[in-house]
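Here is the structure we will look at, set down as structure tokens.
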């Protein structure tokens with residue numbers, strides 16, 4: 095999953111193409127797709143939370159982690175902060191000073207480890223790469239597909255000269271072999287303290303462990319900054335992941351269609367999994383400079399509680415008739431849209 099999403103050469107998030115939005119060629123949309131209203135809500139809520147500590151937004155830098163090149167939450171927004179920074183995929187994670195550290199659907203896009211229950215033990219699932227190869231010159235009917243010994247995958251036609259030493263090249267008149275295929279394999283038994291240990295977990299239960307998301311939260315918390323942590327994402331509590339998600343939570347998105355074939359089109363589709371909110375909270379609380387008052391709320395509740403004045407003003411200003419801004423609010427807040435699908439973890443130090 096790390097290779098498929100973040101490899102420098104072929105990773106999904108390294109490609110210079112639009113991914114987010116409703117336009118042609120995009121794969122999914124996020125809260126930022128609703129326009130500047132989302133950013134205005136975030137600014138209002140952040141200002142309210144800072145105000146509870148007697149602080150002003152104008153004394154803080156707004157740091158957004160993982161924003162798309164043209165999808166910053168503050169794009170087109172007259173924000174109240176002292177400044178803004180965007181940390182893109184692949185850039186060093188360096189945060190210091192007084193900050194509001196914000197992310198939107200950052201943690202769900204981190205690699206997971208997938209486990210399957212077999213009897214009374216967990217087995218980790220891995221990925222096997224299968225390529226067509228030839229051990230000697232042969233006719234087209236002898237090409238066959240089987241796991242390639244390490245370092246012995248061959249190229250055909252004009253590229254046959256690039257085959258590793260000791261492996262005879264395929265005759266140039268043969269048609270190219272089929273592209274490499276990926277398949278899921280079960281590895282050996284695994285014992286981890288955070289894996290569910292209940293004896294009644296059914297055989298075949300999938301547990302998608304978002305360990306990289308937890309490590310990223312810990313890395314953010316380890317940076318020398320103080321202020322407000324705001325993470326918008328979708329996730330579940332550990333108890334839910336361990337007992338209420340028998341098919342796991344990892345999904346793929348391509349052309350605005352969700353499916354479960356995680357190995358299809360590597361590098362050309364988005365891969366995502368629910369975060370474990372308990373683990374992210376623990377990462378903040380376990381930091382050397384620990385966070386205080388971590389709270390998890392639905393996106394709907396978060397904005398209703400912490401951006402109430404902004405909402406009242408917006409609704410009053412555009413009370414009559416159809417309004418794109420009111421439609422955006424409906425998309426962001428309604429329980430049937432993003433209001434309950436997404437949650438917000440916020441904490442302070």
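Residue numbers (this note's numbering): 95 to 443. For glycine and all other residues, C-beta sits at the position ideal for the given N, C-alpha and C.
Following the continuous alpha helix (DSSP H) through residue 166, name the residue where it begins and the one where it ends.
-> First-last for residue 166: undefined, no H or E at that position.
In chain order, what residues of the same chain lie with their CB nearer than 6 angstroms to the CB of residue 218, ignoring the 5 residues before and after it?
-> 209, 281, 284
Helix, strand or coil for residue 111, going by three-state DSSP, please let me know.
-> coil
Stretch pair the region 422-438 + the region 382-397: three plus CB contacts closer than 8 angstroms = yes
Look at the Cβ atom of residue 346, then the Cβ atom of residue 356, and state whether they are nearer than 8 angstroms.
-> In this structure, residue 356 lies closer than 8 angstroms to residue 346 by Cβ.
Among 104, 140, 297, which residue has its Cα nearest to the Cα of residue 440?
-> 140
Min CB distance residue 351 to chain D below 8 angstroms | Checking the listed chains, one finds no chain D in this structure; it contains a single protein chain.
So, are the CB atoms of residue 293 and residue 214 less than 8 angstroms apart?
-> yes
Outcome for residue 314 when other beta-carbon atoms lying within 10 angstroms are tallied against a minimum of 16 | The residue is buried, with at least 16 neighbouring Cβ atoms inside 10 Å.
Tell me, please, whether the region 399-407 touches the region 356-371 by the rule of three or more beta-carbon pairs shorter than 8 angstroms.
-> no
With distances taken from CA atoms, which of 98, 419, 165 is nearest residue 112?
-> 165
Given 8 angstroms, three or more beta-carbon pairs between the region 98-112 and the region 374-391 | In the pairwise beta carbon analysis, the region 98-112 is classified as not touching the region 374-391: fewer than three pairs are separated by under 8 angstroms.
Span separating the alpha-carbon of residue 442 from that of residue 162 = 26 angstroms
Exposed or buried, residue 296, counting other C-beta atoms within 10 Å across all chains shown (16 or more means buried)?
-> exposed
Spatially closest choice to residue 351 from 155, 100, 96, 123, by CA coordinates = 123
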